[in-house]
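Heads up, the final residue of the sequence shown is numbered 563 in this note's numbering, and it's a clean run with no missing numbers. To start, the structure itself, in C-alpha coordinates.
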Amino acid sequence: MNRYPWWVNLLLAAVLVLGALFALPNVYGTDPALQISGQRGRVVDADAQREVSDALQAAGLQARAIAITDEGLTVRFADTDQQLEAQDVVRARLGSDYTVALNLVPAAPPWLGALGAQPMFLGLDLRGGVHFLLEVDTAAAVRAAEDRLVDDLRQLLREQRLRYEWARRVAEPDGSSAVEVRLRADTDVAQAQQLIERTHPELVVETASGDAQRLIGRLGDAYLREVRRLALQQNMTTLRNRVNELGVAEPVVQQQGDSRIIVQLPGVQDTARAKEVLGATATLEFKLVDEEHDLGSAVAGRVPPGSRLYPTRDGGQILLKDRAILTGEYITDAASGFDQQSAGAVVHVSLDGRGAGIFERVTGDNIGRRLAVVFIENKTDTVRQPDGTLERRNRRTEEVITAPVIQDRLGRRFQITGMDNAREARDLALLLRAGSLAA
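Below, the structure is given as C-alpha coordinates:
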(Lines of atoms letter the chains of each structure in order from A and count residues from 1; the text may use other names and numbers.)
(Lines give C-alpha, C1' and ligand atoms only; values in the text may rest on other atoms or scores of the structure.)
Protein backbone atom coordinates (compact mmCIF):
# COMPACT_ATOMS: atom_id res chain seq x y z
CA MET A 1 0.00 0.00 0.00
CA ASN A 2 1.35 3.44 -0.96
CA ARG A 3 1.93 5.44 2.22
CA TYR A 4 3.19 8.63 0.50
CA PRO A 5 1.07 11.52 -0.81
CA TRP A 6 0.51 11.68 -4.57
CA TRP A 7 2.60 14.83 -4.95
CA VAL A 8 5.66 13.09 -3.50
CA ASN A 9 5.39 10.35 -6.11
CA LEU A 10 4.92 12.96 -8.83
CA LEU A 11 7.99 14.88 -7.64
CA LEU A 12 10.04 11.67 -7.59
CA ALA A 13 8.95 10.83 -11.14
CA ALA A 14 9.81 14.36 -12.33
CA VAL A 15 13.27 14.13 -10.77
CA LEU A 16 13.88 10.76 -12.44
CA VAL A 17 12.76 12.10 -15.83
CA LEU A 18 14.93 15.20 -15.54
CA GLY A 19 17.89 13.11 -14.38
CA ALA A 20 17.51 10.75 -17.31
CA LEU A 21 17.16 13.70 -19.70
CA PHE A 22 20.33 15.40 -18.51
CA ALA A 23 22.19 12.07 -18.51
CA LEU A 24 21.34 11.44 -22.17
CA PRO A 25 24.45 13.26 -23.54
CA ASN A 26 26.60 10.56 -21.93
CA VAL A 27 24.75 7.90 -23.94
CA TYR A 28 25.49 9.53 -27.28
CA GLY A 29 29.24 9.56 -26.66
CA THR A 30 31.66 11.67 -28.71
CA ASP A 31 32.61 12.19 -32.34
CA PRO A 32 36.22 12.40 -33.58
CA ALA A 33 36.69 15.90 -34.94
CA LEU A 34 39.15 18.53 -36.10
CA GLN A 35 39.34 21.80 -34.16
CA ILE A 36 40.54 24.61 -36.45
CA SER A 37 41.41 28.04 -35.07
CA GLY A 38 43.22 31.05 -36.49
CA GLN A 39 46.73 32.03 -35.47
CA ARG A 40 47.61 35.52 -34.19
CA GLY A 41 43.99 36.63 -34.16
CA ARG A 42 43.08 35.37 -37.64
CA VAL A 43 39.32 34.82 -37.81
CA VAL A 44 37.89 31.52 -39.03
CA ASP A 45 35.11 32.61 -41.39
CA ALA A 46 32.96 31.20 -44.18
CA ASP A 47 35.89 31.38 -46.63
CA ALA A 48 37.97 29.12 -44.40
CA GLN A 49 34.99 26.78 -44.08
CA ARG A 50 34.73 26.53 -47.88
CA GLU A 51 38.48 25.89 -48.12
CA VAL A 52 38.20 23.01 -45.67
CA SER A 53 35.13 21.58 -47.40
CA ASP A 54 36.78 21.74 -50.84
CA ALA A 55 39.99 20.13 -49.52
CA LEU A 56 38.08 17.24 -47.94
CA GLN A 57 35.99 16.72 -51.06
CA ALA A 58 39.09 16.67 -53.28
CA ALA A 59 40.66 14.04 -51.00
CA GLY A 60 37.54 11.89 -51.06
CA LEU A 61 36.81 12.36 -47.35
CA GLN A 62 33.27 12.77 -46.04
CA ALA A 63 32.73 14.97 -43.00
CA ARG A 64 29.72 14.28 -40.82
CA ALA A 65 29.28 17.99 -40.08
CA ILE A 66 31.21 21.26 -40.50
CA ALA A 67 30.23 24.17 -38.28
CA ILE A 68 31.68 27.49 -37.15
CA THR A 69 31.64 27.81 -33.36
CA ASP A 70 32.96 30.29 -30.83
CA GLU A 71 36.21 28.29 -30.68
CA GLY A 72 36.70 28.25 -34.46
CA LEU A 73 35.73 25.61 -37.01
CA THR A 74 34.65 22.12 -35.90
CA VAL A 75 34.70 19.28 -38.44
CA ARG A 76 33.13 15.97 -37.31
CA PHE A 77 33.96 12.55 -38.75
CA ALA A 78 32.55 9.05 -38.49
CA ASP A 79 35.79 7.42 -37.31
CA THR A 80 39.33 8.24 -36.23
CA ASP A 81 40.89 6.97 -39.47
CA GLN A 82 39.15 9.69 -41.47
CA GLN A 83 39.97 12.20 -38.74
CA LEU A 84 43.72 11.49 -38.94
CA GLU A 85 43.77 11.56 -42.73
CA ALA A 86 41.74 14.78 -42.79
CA GLN A 87 44.17 16.48 -40.42
CA ASP A 88 47.01 16.17 -42.94
CA VAL A 89 44.76 17.30 -45.82
CA VAL A 90 43.39 20.36 -44.01
CA ARG A 91 46.78 21.35 -42.60
CA ALA A 92 48.32 21.26 -46.08
CA ARG A 93 45.49 23.39 -47.53
CA LEU A 94 45.30 26.05 -44.80
CA GLY A 95 49.04 26.39 -44.14
CA SER A 96 50.65 27.87 -41.05
CA ASP A 97 48.02 30.59 -40.54
CA TYR A 98 45.72 28.14 -38.76
CA THR A 99 46.05 25.58 -35.98
CA VAL A 100 44.54 22.18 -36.85
CA ALA A 101 44.23 19.88 -33.84
CA LEU A 102 42.48 16.61 -33.06
CA ASN A 103 39.53 16.71 -30.69
CA LEU A 104 36.59 14.73 -29.36
CA VAL A 105 33.29 16.63 -29.37
CA PRO A 106 29.95 15.57 -27.83
CA ALA A 107 27.71 13.70 -30.29
CA ALA A 108 24.47 14.62 -28.52
CA PRO A 109 21.81 16.42 -30.61
CA PRO A 110 21.77 20.24 -30.43
CA TRP A 111 18.45 20.42 -28.59
CA LEU A 112 20.03 18.77 -25.56
CA GLY A 113 22.77 21.38 -25.55
CA ALA A 114 20.13 24.11 -25.80
CA LEU A 115 18.57 22.74 -22.61
CA GLY A 116 21.96 22.92 -20.90
CA ALA A 117 22.51 19.16 -20.86
CA GLN A 118 26.20 18.39 -21.26
CA PRO A 119 28.13 15.11 -21.00
CA MET A 120 30.04 14.36 -17.82
CA PHE A 121 33.71 15.11 -18.42
CA LEU A 122 35.96 12.37 -17.15
CA GLY A 123 39.58 12.55 -16.10
CA LEU A 124 42.56 12.10 -18.39
CA ASP A 125 42.79 8.36 -17.66
CA LEU A 126 39.15 7.74 -18.63
CA ARG A 127 38.40 10.35 -21.25
CA GLY A 128 41.79 10.82 -22.90
CA GLY A 129 42.18 14.55 -22.41
CA VAL A 130 45.27 16.30 -23.74
CA HIS A 131 48.80 15.02 -23.11
CA PHE A 132 51.85 17.04 -24.15
CA LEU A 133 55.46 15.87 -24.01
CA LEU A 134 57.83 18.78 -24.52
CA GLU A 135 61.59 18.53 -24.84
CA VAL A 136 63.71 21.45 -23.69
CA ASP A 137 66.46 22.42 -26.13
CA THR A 138 69.19 22.85 -23.51
CA ALA A 139 71.78 23.42 -26.24
CA ALA A 140 69.83 26.52 -27.30
CA ALA A 141 69.88 27.75 -23.69
CA VAL A 142 73.67 27.38 -23.63
CA ARG A 143 73.99 29.23 -26.95
CA ALA A 144 71.82 32.05 -25.63
CA ALA A 145 74.01 32.32 -22.51
CA GLU A 146 77.14 32.48 -24.68
CA ASP A 147 75.58 35.14 -26.92
CA ARG A 148 74.84 37.26 -23.86
CA LEU A 149 78.44 36.78 -22.72
CA VAL A 150 79.73 37.96 -26.10
CA ASP A 151 77.66 41.15 -25.86
CA ASP A 152 78.86 41.74 -22.29
CA LEU A 153 82.51 41.23 -23.29
CA ARG A 154 82.24 43.68 -26.18
CA GLN A 155 80.82 46.34 -23.90
CA LEU A 156 83.38 45.57 -21.19
CA LEU A 157 86.35 45.88 -23.55
CA ARG A 158 85.03 49.13 -25.00
CA GLU A 159 84.59 50.61 -21.54
CA GLN A 160 88.17 49.68 -20.63
CA ARG A 161 89.45 51.03 -23.98
CA LEU A 162 90.90 47.67 -24.97
CA ARG A 163 90.82 47.50 -28.76
CA TYR A 164 89.77 44.18 -30.25
CA GLU A 165 89.22 42.80 -33.73
CA TRP A 166 86.29 40.58 -32.85
CA ALA A 167 84.36 38.98 -30.02
CA ARG A 168 82.18 36.08 -31.10
CA ARG A 169 80.90 32.61 -30.35
CA VAL A 170 82.77 29.88 -32.22
CA ALA A 171 82.24 26.15 -32.74
CA GLU A 172 84.66 23.68 -31.20
CA PRO A 173 85.91 20.50 -32.95
CA ASP A 174 84.04 18.32 -30.43
CA GLY A 175 80.70 19.94 -31.31
CA SER A 176 80.58 22.32 -28.34
CA SER A 177 81.06 26.07 -28.55
CA ALA A 178 83.21 28.72 -26.92
CA VAL A 179 83.64 32.49 -26.74
CA GLU A 180 86.54 33.94 -28.72
CA VAL A 181 88.12 37.41 -28.42
CA ARG A 182 91.02 38.66 -30.51
CA LEU A 183 92.87 41.76 -29.29
CA ARG A 184 94.60 44.19 -31.63
CA ALA A 185 97.74 44.55 -29.49
CA ASP A 186 99.85 41.92 -27.74
CA THR A 187 100.27 44.20 -24.75
CA ASP A 188 96.52 44.18 -24.04
CA VAL A 189 96.11 40.39 -23.90
CA ALA A 190 97.15 39.88 -20.27
CA GLN A 191 95.03 42.80 -19.06
CA ALA A 192 92.02 41.60 -21.04
CA GLN A 193 92.35 38.06 -19.70
CA GLN A 194 92.54 39.27 -16.10
CA LEU A 195 89.54 41.55 -16.68
CA ILE A 196 87.42 38.78 -18.19
CA GLU A 197 88.34 36.28 -15.46
CA ARG A 198 87.50 38.82 -12.76
CA THR A 199 84.14 39.94 -14.18
CA HIS A 200 83.06 36.53 -15.55
CA PRO A 201 84.32 33.78 -13.23
CA GLU A 202 82.11 31.25 -15.02
CA LEU A 203 84.51 31.41 -17.99
CA VAL A 204 87.74 29.41 -18.18
CA VAL A 205 89.97 31.72 -20.26
CA GLU A 206 93.19 30.74 -22.00
CA THR A 207 95.34 31.97 -24.87
CA ALA A 208 94.71 30.22 -28.17
CA SER A 209 97.50 28.05 -29.50
CA GLY A 210 99.25 29.61 -32.47
CA ASP A 211 97.80 33.09 -31.89
CA ALA A 212 98.98 35.02 -28.83
CA GLN A 213 96.41 37.80 -29.41
CA ARG A 214 93.39 35.47 -29.30
CA LEU A 215 91.63 34.47 -26.07
CA ILE A 216 89.31 31.46 -25.82
CA GLY A 217 86.72 31.33 -23.04
CA ARG A 218 84.81 28.15 -22.23
CA LEU A 219 81.95 27.86 -19.77
CA GLY A 220 82.74 25.64 -16.80
CA ASP A 221 80.91 22.34 -16.30
CA ALA A 222 79.19 23.53 -13.13
CA TYR A 223 77.91 26.65 -14.89
CA LEU A 224 76.67 24.62 -17.87
CA ARG A 225 74.74 22.30 -15.55
CA GLU A 226 73.22 25.34 -13.87
CA VAL A 227 72.20 26.87 -17.22
CA ARG A 228 70.48 23.63 -18.25
CA ARG A 229 68.78 23.27 -14.88
CA LEU A 230 67.52 26.85 -14.91
CA ALA A 231 66.26 26.45 -18.48
CA LEU A 232 64.22 23.41 -17.44
CA GLN A 233 62.90 25.16 -14.33
CA GLN A 234 61.99 28.29 -16.26
CA ASN A 235 60.13 26.25 -18.84
CA MET A 236 58.19 24.38 -16.16
CA THR A 237 57.25 27.63 -14.44
CA THR A 238 56.26 29.18 -17.76
CA LEU A 239 54.12 26.18 -18.70
CA ARG A 240 52.39 26.26 -15.31
CA ASN A 241 51.62 29.94 -15.83
CA ARG A 242 50.25 29.25 -19.30
CA VAL A 243 48.09 26.41 -17.98
CA ASN A 244 46.74 28.80 -15.35
CA GLU A 245 45.93 31.28 -18.10
CA LEU A 246 43.92 28.53 -19.83
CA GLY A 247 41.93 27.93 -16.66
CA VAL A 248 42.43 24.14 -16.56
CA ALA A 249 41.38 22.31 -13.40
CA GLU A 250 43.88 19.92 -11.78
CA PRO A 251 46.58 20.05 -14.48
CA VAL A 252 49.80 18.03 -14.28
CA VAL A 253 53.13 19.68 -15.14
CA GLN A 254 56.11 17.57 -14.16
CA GLN A 255 59.68 16.84 -15.19
CA GLN A 256 60.59 13.66 -17.03
CA GLY A 257 64.29 12.91 -17.25
CA ASP A 258 66.87 15.64 -17.74
CA SER A 259 65.23 17.63 -20.53
CA ARG A 260 61.57 16.68 -20.91
CA ILE A 261 58.36 18.04 -19.41
CA ILE A 262 54.97 16.31 -19.28
CA VAL A 263 51.81 18.43 -19.39
CA GLN A 264 48.44 16.73 -18.86
CA LEU A 265 45.22 18.72 -19.23
CA PRO A 266 42.17 16.66 -18.23
CA GLY A 267 38.80 17.79 -19.51
CA VAL A 268 40.13 20.33 -22.02
CA GLN A 269 37.65 20.93 -24.85
CA ASP A 270 39.50 23.45 -26.99
CA THR A 271 42.59 21.41 -27.78
CA ALA A 272 43.54 23.80 -30.58
CA ARG A 273 43.77 26.64 -28.10
CA ALA A 274 45.81 24.53 -25.67
CA LYS A 275 48.20 23.47 -28.42
CA GLU A 276 48.62 27.05 -29.63
CA VAL A 277 49.28 28.53 -26.18
CA LEU A 278 51.44 25.74 -24.71
CA GLY A 279 53.35 24.86 -27.85
CA ALA A 280 54.31 28.38 -28.86
CA THR A 281 57.71 29.72 -27.84
CA ALA A 282 57.13 33.42 -28.28
CA THR A 283 59.01 36.47 -27.13
CA LEU A 284 59.82 40.01 -28.19
CA GLU A 285 63.01 41.82 -29.09
CA PHE A 286 63.39 45.57 -29.36
CA LYS A 287 65.86 46.73 -32.00
CA LEU A 288 66.80 50.10 -33.46
CA VAL A 289 66.07 50.66 -37.14
CA ASP A 290 69.23 51.08 -39.24
CA GLU A 291 68.57 54.46 -40.84
CA GLU A 292 72.20 55.12 -41.80
CA HIS A 293 72.18 52.61 -44.67
CA ASP A 294 70.00 52.29 -47.74
CA LEU A 295 67.18 49.76 -47.50
CA GLY A 296 67.14 49.16 -51.25
CA SER A 297 70.80 48.15 -51.27
CA ALA A 298 70.20 45.76 -48.38
CA VAL A 299 67.23 44.16 -50.16
CA ALA A 300 69.43 43.76 -53.25
CA GLY A 301 71.84 41.68 -51.18
CA ARG A 302 74.29 44.25 -49.80
CA VAL A 303 73.39 44.05 -46.11
CA PRO A 304 75.81 46.15 -44.03
CA PRO A 305 77.72 44.48 -41.17
CA GLY A 306 75.91 44.71 -37.85
CA SER A 307 72.48 44.93 -39.48
CA ARG A 308 69.87 42.49 -40.73
CA LEU A 309 66.72 42.46 -42.85
CA TYR A 310 63.43 41.53 -41.17
CA PRO A 311 60.00 40.93 -42.72
CA THR A 312 57.14 43.26 -41.85
CA ARG A 313 53.45 42.51 -41.52
CA ASP A 314 52.54 44.20 -44.79
CA GLY A 315 54.86 41.89 -46.72
CA GLY A 316 57.77 44.33 -46.94
CA GLN A 317 61.19 44.36 -45.31
CA ILE A 318 62.96 46.62 -42.86
CA LEU A 319 66.65 46.98 -41.97
CA LEU A 320 67.37 46.69 -38.24
CA LYS A 321 70.45 46.76 -36.08
CA ASP A 322 71.44 43.19 -35.30
CA ARG A 323 71.86 43.71 -31.57
CA ALA A 324 68.71 43.66 -29.45
CA ILE A 325 68.55 46.43 -26.87
CA LEU A 326 65.90 44.57 -24.88
CA THR A 327 64.38 41.08 -24.88
CA GLY A 328 61.26 39.48 -23.45
CA GLU A 329 63.06 38.18 -20.36
CA TYR A 330 62.75 41.64 -18.77
CA ILE A 331 58.94 41.73 -19.13
CA THR A 332 57.07 41.32 -15.83
CA ASP A 333 53.49 41.97 -16.94
CA ALA A 334 51.47 42.49 -20.11
CA ALA A 335 47.81 43.32 -20.67
CA SER A 336 45.77 43.92 -23.80
CA GLY A 337 43.76 47.08 -24.27
CA PHE A 338 42.85 49.84 -26.69
CA ASP A 339 44.68 53.02 -27.58
CA GLN A 340 42.82 56.11 -26.38
CA GLN A 341 43.61 58.10 -29.51
CA SER A 342 43.37 55.59 -32.37
CA ALA A 343 41.07 53.06 -30.63
CA GLY A 344 43.30 50.30 -32.04
CA ALA A 345 44.28 47.18 -30.12
CA VAL A 346 47.49 47.53 -28.08
CA VAL A 347 49.47 45.60 -25.48
CA HIS A 348 50.51 47.40 -22.29
CA VAL A 349 53.91 46.13 -21.13
CA SER A 350 55.69 46.47 -17.78
CA LEU A 351 59.43 45.87 -17.30
CA ASP A 352 61.51 44.90 -14.29
CA GLY A 353 64.00 47.30 -12.75
CA ARG A 354 66.98 46.27 -14.88
CA GLY A 355 64.98 46.29 -18.10
CA ALA A 356 63.47 49.67 -17.28
CA GLY A 357 66.94 51.14 -16.75
CA ILE A 358 68.21 49.80 -20.08
CA PHE A 359 65.11 50.94 -21.94
CA GLU A 360 65.14 54.40 -20.42
CA ARG A 361 68.81 54.94 -21.29
CA VAL A 362 68.55 53.67 -24.87
CA THR A 363 65.33 55.48 -25.74
CA GLY A 364 66.61 58.67 -24.15
CA ASP A 365 69.75 58.55 -26.30
CA ASN A 366 67.80 57.84 -29.51
CA ILE A 367 64.86 60.26 -29.48
CA GLY A 368 63.74 60.85 -33.05
CA ARG A 369 64.91 57.44 -34.27
CA ARG A 370 62.69 54.45 -34.99
CA LEU A 371 62.49 51.48 -32.62
CA ALA A 372 61.22 48.17 -34.00
CA VAL A 373 59.35 45.53 -32.02
CA VAL A 374 60.25 42.07 -33.36
CA PHE A 375 57.89 39.18 -32.61
CA ILE A 376 59.77 35.85 -32.50
CA GLU A 377 57.99 32.52 -32.42
CA ASN A 378 59.42 28.99 -32.43
CA LYS A 379 57.12 26.14 -33.37
CA THR A 380 57.32 22.44 -34.09
CA ASP A 381 55.40 21.11 -37.09
CA THR A 382 54.53 17.42 -37.35
CA VAL A 383 54.70 16.18 -40.95
CA ARG A 384 53.44 12.76 -42.02
CA GLN A 385 55.88 11.04 -44.38
CA PRO A 386 54.83 8.85 -47.35
CA ASP A 387 55.65 5.71 -45.34
CA GLY A 388 53.26 6.81 -42.58
CA THR A 389 55.88 7.89 -40.05
CA LEU A 390 55.70 11.29 -38.38
CA GLU A 391 58.57 13.75 -38.60
CA ARG A 392 58.86 16.82 -36.39
CA ARG A 393 60.39 19.95 -37.86
CA ASN A 394 61.32 23.09 -35.95
CA ARG A 395 60.27 26.38 -37.48
CA ARG A 396 61.30 29.89 -36.38
CA THR A 397 59.43 32.97 -37.56
CA GLU A 398 60.50 36.56 -36.97
CA GLU A 399 58.29 39.48 -37.86
CA VAL A 400 58.34 43.20 -37.11
CA ILE A 401 55.06 44.16 -35.45
CA THR A 402 55.65 47.88 -35.45
CA ALA A 403 58.51 50.37 -35.78
CA PRO A 404 57.41 53.75 -34.38
CA VAL A 405 59.53 56.86 -33.86
CA ILE A 406 60.79 57.33 -30.29
CA GLN A 407 59.04 60.50 -29.17
CA ASP A 408 60.23 60.57 -25.58
CA ARG A 409 62.25 58.68 -23.01
CA LEU A 410 60.46 55.42 -22.14
CA GLY A 411 60.65 53.76 -18.75
CA ARG A 412 59.06 50.89 -16.89
CA ARG A 413 55.67 51.00 -18.66
CA PHE A 414 54.83 51.48 -22.32
CA GLN A 415 52.47 50.12 -24.96
CA ILE A 416 52.95 48.16 -28.20
CA THR A 417 50.80 49.09 -31.18
CA GLY A 418 50.41 47.40 -34.55
CA MET A 419 48.00 44.63 -33.50
CA ASP A 420 45.57 43.51 -36.19
CA ASN A 421 42.70 42.97 -33.76
CA ALA A 422 41.81 42.55 -30.09
CA ARG A 423 42.26 38.78 -30.08
CA GLU A 424 45.82 39.06 -31.36
CA ALA A 425 46.55 41.60 -28.62
CA ARG A 426 45.12 39.23 -26.00
CA ASP A 427 47.16 36.29 -27.31
CA LEU A 428 50.40 38.29 -27.32
CA ALA A 429 49.72 39.63 -23.82
CA LEU A 430 49.02 36.09 -22.59
CA LEU A 431 52.31 34.76 -23.94
CA LEU A 432 54.30 37.69 -22.56
CA ARG A 433 52.54 37.61 -19.19
CA ALA A 434 52.94 33.85 -18.81
CA GLY A 435 56.58 34.09 -19.77
CA SER A 436 58.66 32.99 -22.72
CA LEU A 437 60.10 29.51 -22.81
CA ALA A 438 63.84 29.48 -22.19
CA ALA A 439 64.53 27.05 -25.04
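Glycine residues also receive a C-beta, built at the ideal position from the N, C-alpha and C atoms. This one's a predicted model, so the numbers in the text were calculated from it and none came from an experiment.
Kindly indicate the opening and closing residues of the alpha helix (DSSP H) around residue i.
{"i": "E484", "result": "477-489"}
{"i": "F146", "result": "130-152"}
{"i": "R267", "result": "262-283"}
{"i": "S74", "result": "In this structure the chain extends from 125 to 563, so residue 74 is not present and cannot be described."}
What span of residues does the beta strand (DSSP E) with residue i cover, start to end?
{"i": "D382", "result": "From DSSP, D382 is part of no beta strand (DSSP E); its letter is neither H nor E."}
{"i": "Y454", "result": "First-last for Y454: undefined, no H or E at that position."}
{"i": "D289", "result": "The displayed chain sequence assigns Glu, not Asp, to residue 289. It spans 288-295 - the beta strand (DSSP E) in which E289 sits, taken as one unbroken run."}
{"i": "G420", "result": "Segment 419-423 is the alpha helix (DSSP H) holding G420; no beta strand (DSSP E) there."}
{"i": "G341", "result": "338-343"}
{"i": "V254", "result": "254-259"}
{"i": "L433", "result": "431-435"}
{"i": "L236", "result": "Per DSSP, L236 belongs to no beta strand (DSSP E); it is in the alpha helix (DSSP H), 234-238."}
{"i": "R537", "result": "537-540"}
{"i": "I442", "result": "441-445"}
With distances taken from CA atoms, which of the options is nearest residue i?
{"i": "V367", "options": "L450, Q388, Q206", "result": "Q388"}
{"i": "V214", "options": "I192, L180, G240", "result": "L180"}
{"i": "D543", "options": "S466, T487, V529", "result": "Reading off the sequence, residue 543 comes out as Met, not Asp. The option with the nearest alpha carbon to M543 is S466."}
{"i": "N518", "options": "S220, A225, R536, T331", "result": "S220"}
{"i": "R292", "options": "G299, D275, R285", "result": "D275"}
{"i": "D489", "options": "N133, D418, G440, I449", "result": "I449"}
{"i": "I540", "options": "R520, D457, G477, T521", "result": "D457"}
{"i": "Q242", "options": "Y152, E209, A268, Q211", "result": "Y152"}
{"i": "Y454", "options": "G461, D345, R437, E409", "result": "E409"}
{"i": "S474", "options": "R127, A553, A263", "result": "A553"}
{"i": "R550", "options": "P435, V132, P156, A459", "result": "A459"}
{"i": "R520", "options": "A309, K411, D155, T407", "result": "T407"}
{"i": "Q315", "options": "R287, A302, D298", "result": "R287"}
{"i": "R547", "options": "F538, N227, G461", "result": "G461"}
{"i": "R447", "options": "A355, E416, R272", "result": "R272"}
{"i": "P233", "options": "R267, D155, Y128", "result": "D155"}
{"i": "A268", "options": "R352, L226, A225", "result": "R352"}
{"i": "T323", "options": "N133, E283, P510, A265", "result": "E283"}
{"i": "V378", "options": "L134, A182, L257, A183", "result": "According to the sequence as given, residue 378 is Gln; it is not Val. Of L134, A182, L257, A183, the residue nearest in Cα terms is L257."}
{"i": "A496", "options": "L185, P528, R485", "result": "P528"}
Just confirm the distance between the C-beta atoms of residue i and residue j, as a whole number of angstroms; I'd bet it's less than 8 Å.
{"i": "F96", "j": "I525", "result": "No answer is possible for residue 96: the residues shown for the chain start at 125 and end at 563."}
{"i": "L319", "j": "L280", "result": "7 Å"}
{"i": "G535", "j": "A480", "result": "5 Å"}
{"i": "V229", "j": "R200", "result": "7 Å"}
{"i": "V376", "j": "Q337", "result": "That pair is no contact at about 54 Å."}
{"i": "R188", "j": "A202", "result": "6 Å"}
{"i": "V260", "j": "N359", "result": "5 Å"}
{"i": "R349", "j": "A302", "result": "At roughly 17 Å, the Cβ-Cβ gap does not stay under 8 Å, so R349 and A302 are not in contact."}
{"i": "V168", "j": "I192", "result": "6 Å"}
Alpha carbon to alpha carbon, how far is residue i from residue j?
{"i": "E289", "j": "E296", "result": "20 Å"}
{"i": "I530", "j": "V329", "result": "40 Å"}
{"i": "K445", "j": "L277", "result": "18 Å"}
{"i": "Q270", "j": "Q380", "result": "In the sequence on display, residue 270 carries Glu and not Gln. When rounded, the distance between both Cα atoms is 26 Å."}
{"i": "I385", "j": "G420", "result": "45 Å"}
{"i": "V471", "j": "A332", "result": "48 Å"}
{"i": "H255", "j": "T223", "result": "17 Å"}
{"i": "L339", "j": "E304", "result": "6 Å"}
{"i": "E501", "j": "R437", "result": "14 Å"}
{"i": "R494", "j": "L412", "result": "6 Å"}
{"i": "G425", "j": "E522", "result": "19 Å"}
{"i": "T262", "j": "I442", "result": "31 Å"}
{"i": "L142", "j": "R364", "result": "39 Å"}
{"i": "F538", "j": "Q464", "result": "13 Å"}
{"i": "Q207", "j": "L239", "result": "29 Å"}
{"i": "A157", "j": "A231", "result": "10 Å"}
{"i": "E321", "j": "L327", "result": "7 Å"}
{"i": "Q159", "j": "Q211", "result": "10 Å"}
{"i": "D532", "j": "W235", "result": "58 Å"}
{"i": "S431", "j": "D414", "result": "7 Å"}
{"i": "V423", "j": "L433", "result": "8 Å"}
{"i": "L197", "j": "E515", "result": "26 Å"}
{"i": "G439", "j": "R217", "result": "21 Å"}
{"i": "G299", "j": "T513", "result": "29 Å"}
{"i": "D418", "j": "L356", "result": "42 Å"}
{"i": "Q317", "j": "T311", "result": "11 Å"}
{"i": "R478", "j": "G452", "result": "12 Å"}
{"i": "A172", "j": "G162", "result": "10 Å"}
{"i": "A398", "j": "A225", "result": "10 Å"}
{"i": "A265", "j": "S383", "result": "12 Å"}
Would you say residue i faces chain D, with C-beta separation under 8 Å as the test?
{"i": "E289", "result": "In summary, chain D is missing from the structure at hand, where a single protein chain is found."}
**Asked** In chain order, which alpha helix (DSSP H) runs of at least 4 residues are fully inside the stretch 297-326?
**Response** Segments of the alpha helix (DSSP H) lying fully in the stretch 297-326: 313-323.
**Item:** Contained beta strand (DSSP E) runs [length at least 3] in the stretch 191-230, N- to C-terminal order
**Value:** Within the stretch 191-230, complete beta strand (DSSP E) segments of at least 3 residues are found at 196-200, 222-230, given in chain order.
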